[in-house]
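Colleague:
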Ligand SMILES: Cc1ncc(COP(=O)(O)O)c(C=O)c1O
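This is the structure:
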């Protein structure tokens with residue numbers, strides 16, 4: 001099982017067999033409140049009729065279309081809809097099937113772009129400590145979560161990392177983006193001084209580092225990173241696999257921060273996680289750079305059999321309609337202050353060391369057990385599921401809550417109460 005403690009799971013499985021709106025149901029029919037939007041992806045909640053119907057209809061109409069040298073209308077329609085949601089001139093979309101593929105696709109586009117521009121020495125890829133960009137070799141190379149890297153050899157050559165942006169002393173219990181930390185973007189200057197900008201292709205970061213346990217960008221940090229990338233002619237890639245499609249109260253976090261990257265990756269929420277899909281949005285100039293040479297020649301030697309799969313495209317179109325019709329991005333924005341207040345109330349629970357929050361996300365760090373890093377976190381996961389009927393994520397000794405954007409005010413109160421009892425029970 002992926003990223004799972006297999007033996008512990010099999011000893012006491014956490015199985016779900018059905019889902020509707022804010023709830024999963026175990027095979028026995030016990031409801032489990034979804035505190036995680038699946039894996040940060042079921043933003044409109046579960047089993048939503050318009051999406052179900054769109055997938056059913058599509059399966060009967062066009063089950064598959066070859067993605068190399070052929071197309072189908074819904075792929076172009078969805079690309080246009082996504083581009084319209086993205087800021088500025090981010091207006092061309094390349095589809096793949098997951099966040100990991102999106103990360104590797106973005107890195108490959110960056111490398112190829114410099115090649116096509118005649119600057120083939122720009123090959124270095126810069127990521128950030130504690131970053132998560134999926135599990136492909138490109139993603140783990142620029143990623144910064146140690147166990148995801150250390151077992152897998154030397155990874156891609158020529159990568160470097162910015163420091164992560166977390167400092168508990170300076171940021172403890174910040175509501176939203178912490179005040180402290182914008183200066184950490186200046187570390188890019190040190191990396192440029194060491195390697196020279198003529199060797200650096202791209203910098204890739206998450207606007208909010210999710211998988212490591214919710215590290216919101218410090219105020220002003222992303223703007224500074226953008227300025228430095230522009231100054232040194234380095235592409236800036238935002239990994240918006242989690243932050244895309246409403247999680248931070250906007251279609252994309254780049255809108256929240258008023259910062260436009262050169263490439264933007266998405267996945268998860270694009271189909272409300274009902275069908276696998278990911279993608280990369282590129283600025284017009286990047287797209288146009290590739291559109292040279294004889295017209296019969298392939299411009300980008302990259303792609304997947306299932307790029308823009310018809311079922312995923314149908315699911316994506318129905319999902320974007322639902323987000324629009326129910327105003328879910330705006331809903332996340334409206335709920336954010338109430339959410340922040342609710343999760344910060346967990347401050348007084350036993351052993352809580354810090355709480356971080358941005359958009360409809362939160363992480364609660366608590367003291368772990370002596371000599372057993374992550375054990376209290378695991379106990380919390382089990383207790384939440386079996387005793388409280390709550391699905392949570394954990395990141396070491398922290399619990400992470402990221403509910404579907406349809407969550408109601410009373411469900412937020414209930415979720416936080418359940419989480420509080422989990423923290424007490426595992427103290
Ligand atoms: C920021 C980010 N990038 C990439 C990924 C990888 O996505 P996938 O699991 O679909 O490959 C994730 C998954 O959580 C993510 O959070």
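In full-length UniProt numbering, the protein residues as written are 1 to 427.
Ideal placement from N, C-alpha and C gives every residue a C-beta, glycine not left out.
Bear in mind that the values here come from a model prediction, so they are computed numbers and not experimental data.
(1) Measure from the alpha carbon of residue 291 to the alpha carbon of each residue in 125, 112 and 330, then state which is nearest.
(2) In terms of alpha-carbon separation, which member of 228, 213 and 365 lies closest to residue 220?
(3) By how many angstroms is the C-alpha of residue 77 removed from the C-alpha of residue 317?
(4) Would you check whether ligand 1 has a heavy atom nearer than 6 Å to the C-beta of residue 191?
(5) DSSP three-state call for residue 204: helix, strand or coil?
(6) Give the single residue among 86, 333, 4 and 161 whose Cα lies nearest to the Cα of residue 240.
(7) CB of residue 132 to nearest heavy atom of ligand 1: below 6 Å?
(8) DSSP three-state call for residue 49: helix, strand or coil?
(9) Which partner residues does residue 93 have in the DSSP bridge list?
(10) Start and end of the alpha helix (DSSP H) containing residue 248?
(11) For residue 225 and residue 185, I'd like the C-alpha separation in whole angstroms.
(12) Mapping the DSSP letters down to three states, classify residue 401 as helix, strand or coil.
(13) Could you tell me the distance, in whole angstroms, from the CA atom of residue 71 to the CA atom of residue 59?
(14) Would DSSP call residue 142 helix, strand or coil?
(15) Please report the distance separating the alpha-carbon of residue 356 from that of residue 251.
(16) Please state the DSSP three-state secondary structure of residue 286.
(17) Measuring only from the beta carbon, is residue 185 closer than 6 Å to any heavy atom that is part of ligand 1?
(18) Inspect the beta-carbon positions of residue 213 and residue 37 and report whether they are closer than 7 Å.
(19) Are residue 304 and residue 96 touching if we call contact CB-CB under 7 Å?
(20) Taking DSSP as the reference, what is the three-state secondary structure of residue 262?
Modeller: In brief:
(1) 112
(2) 228
(3) 8 Å
(4) no
(5) strand
(6) 86
(7) yes
(8) helix
(9) 281
(10) Looking at the DSSP string, residue 248 is not in any alpha helix (DSSP H), and its letter there is neither H nor E.
(11) 5 Å
(12) strand
(13) 16 Å
(14) helix
(15) 21 Å
(16) helix
(17) no
(18) no
(19) yes
(20) coil
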